[in-house]
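Quick notes on the structure that follows.
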Amino acid sequence: MEKVTAIVAIYKSERFLPKLLDSIINQTWKNLEILLVDDGSPDNSGLICDEYAKKDERIRVIHKKNGGACEARNVGLAEATGEYILVIDGDDWLEEDYVEYLMNLIHETGSDMAMTDKIFTTRDRNQIEHDRIETWTPEEAFCGIIYPKIPIGPWNKIYKTSLLKDNHIDFNRPWSGEGLYFSAMAASCSNRVGVGHKKIYNYRLNNENSGLTHYNVVMGTNALENIKYIKENRVIKTKRTENACNWHIWKNYGYILFLIVATNSVSQNKVLYKDCIHNIRVRLIKVIIHSELGVKTKIKMLIQGLSPVRWAKNDIKQQLAAFKADTME
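Under the UniProt record's numbering, the first residue of the sequence shown is numbered 1, with each subsequent residue one higher.
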């Protein structure tokens, strides 16, 4: 039973932290190193971490000045001593076989990295009926993450420590889109990637302190910078990976437009606002033709391209309604 390091960057998570920490220490995979990086959280998150460390010797708490999630995760990566690494968000929680399932994917496929393509959320509590284990090439895994056919974040995945260190993969990109960079680059550098379908990670969509609910235009511009960086620096330079990146770049212009409308900042972002609409329309046909997506998705893309502002406004209404209805603790 190899040693697995779980890295958790923590900031303003006191409300949800006990549920997360209980789910980590109760994993069926017992050989764990649990690194809790308190990123200068102003609430009681740091104290909660310290209390859990007293109860479980596998937990080590690192207190640091606030520097953001990327910096906190990098501190964890530098301190990790396990053969495999997990990166977990501070407001989510795990199924009890989360680590065991991912390690089984590693063992069954002989891969440097493994991931699941489905997750629980606070709005989706239905487990899949049939699971199967697949082995993907690095190119398939890269494209699956970029489109994304796999949830973007780093947290439904496990990485061999040597894979990350040998290829200098960390969270060195600006916040928002940094998880996409981390996961996609790791997949590119893996010998192969094990993929399962069972839901083992619980992703919280109703944290009022998260970036999902605190809209900020910089989130979108950073994410656009990151996907362009991924395209330029991708390890596997094939037409297939280029097309995947082009789709994500197109999608990101829609995301920035969404954020501008959601923050009522059109007047402050006139040039960016027009640039987004222009790119959504100009890039649309080429992206539709070359992207590896289904017909329904491409029809939605066409509708968005024809009326991007209306699409953004409707998307905002739907997201706000879903957030208000999401009361799961």
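Virtual Cβ for every residue (Gly too), placed ideally from N, Cα, C.
Treat the numbers as computed from the prediction; the structure is a model and nothing was measured.
Go to residue 53, then tell me how far its alpha helix (DSSP H) extends in each direction, as first and last residue. Unbroken alpha helix (DSSP H) run through residue 53: 45–55.
Give the DSSP-derived three-state secondary structure of residue 130 in the structure shown. Collapsing the DSSP output to three states places residue 130 in coil.
Using only CA atoms, which one of 93, 161, 110, 114 lies nearest to residue 101? Looking at the Cα atoms, 114 is the closest of the given residues.
Give me the residue from 33, 53, 194, 175 with the minimum Cα distance to residue 85. Among 33, 53, 194, 175, the Cα nearest to that of residue 85 belongs to 33.
Nearest to residue 120 (by Cα), restricted to the options 146, 163, 203: Ranking the options by Cα distance to residue 120, first place goes to 203.
So, using beta-carbon positions, are residue 171 and residue 74 closer together than 7 Å? Closer than 7 Å, so yes.
Rounded to whole angstroms, what's the CA-CA distance from residue 238 to residue 255? Just pull it up for me. Computed Cα separation, rounded: 26 Å.
Sufficient close CB pairs (3 or more, under 8 Å) joining the region 3–15 to the region 43–63: Yes, the region 3–15 is in contact with the region 43–63.
Three-state class that DSSP yields for residue 59 in the structure shown: The answer is strand: DSSP assigns residue 59 an E or B state.
Spatial neighbours of residue 163 within its chain, please: CB distance less than 7 Å, with the 5 preceding and 5 following residues excluded, ordered by chain position. Correct list, in chain order: 112, 113, 186, 189, 190.
Whole angstroms is fine: what's the gap from residue 167's alpha carbon to residue 223's? For residue 167 and residue 223, the distance between alpha carbons rounds to 22 Å.
Is residue 78 close to chain C, meaning its C-beta is less than 7 Å from at least one C-beta of that chain? Any reference to chain C falls outside this structure, which holds one protein chain only.
Per-residue DSSP class, three states only, for residue 292: The three-state secondary structure of residue 292, taken from DSSP, is coil.
Distance between residue 146 and residue 236 (C-alpha atoms, nearest Å): If I take the Cα positions, the gap works out to 13 Å.
Below 8 Å on the Cβ atoms is my contact criterion, and I expect residue 227 with residue 177 to pass it. Report the Cβ-Cβ distance as a whole number of Å. That pair is a contact at about 6 Å.
Going by DSSP, what residue range makes up the beta strand (DSSP E) through residue 185? Element bounds for residue 185: not the beta strand (DSSP E) but the alpha helix (DSSP H), 178–189.
With which residues is residue 93 paired in a DSSP beta bridge? Answer by DSSP bridge pairing, in chain order: 202.
Grab me the residues of residue 182's own chain with a C-beta within less than 7 Å of its C-beta, minus the 5 sequence neighbours each way, in chain order. So the qualifying residues of the chain are 154, 169, 171.
Is the region 259–273 in contact with the region 311–323, if contact means three or more CB pairs nearer than 8 Å? With the cut-off at 8 Å, the region 259–273 and the region 311–323 touch.
Under 7 Å, do residue 123 and residue 275 count as touching if we go by C-beta distance? No, the pair does not count as a contact, with Cβ atoms beyond the cut-off.
In terms of DSSP beta bridges, what is residue 159 paired with? Residue pairing from DSSP places residue 159 in a beta bridge opposite 85, 113.
Who are the near neighbours of residue 93 in its chain, counting only those whose CB is closer than 7 Å to its CB and skipping five residues on each side? Within the same chain, Cβ atoms closer than 7 Å to the Cβ of residue 93 are found at 19, 20, 23, 202, the five residues on either side in sequence being excluded.
Assuming residue 109 and residue 194 make a contact with CB atoms under 8 Å, what is their CB distance in whole Å? Going by Cβ atoms, the distance from residue 109 to residue 194 rounds to 4 Å, so yes, they are a contact pair.
Ranges of the alpha helix (DSSP H) found wholly within the region 247–302, counting only runs of at least 4: Correct list: 270–290.
So, at 6 Å on beta carbons, what are the nonlocal neighbours of residue 56 in its own chain, with the 5 sequence-adjacent residues on each side left out? Hits under 6 Å: 25.
Can you grab the Cα-Cα spacing for the pair residue 221 / residue 273, in whole Å? Between the alpha carbons of residue 221 and residue 273 lies a distance of about 12 Å.
Residue range of the beta strand (DSSP E) that residue 325 falls in? In this chain, residue 325 is not harboured by any beta strand (DSSP E); it is covered by the alpha helix (DSSP H) spanning 308–325.
List the DSSP bridge partners of residue 17. Answer is none; residue 17 lacks a bridge partner.
Which two residues bound the contiguous alpha helix (DSSP H) that contains residue 6? Segment 4–10 is the beta strand (DSSP E) holding residue 6; no alpha helix (DSSP H) there.
Can you tell me the Cα-Cα spacing of residue 287 and residue 179, whole angstroms? Each residue's alpha carbon lies about 23 Å from the other.
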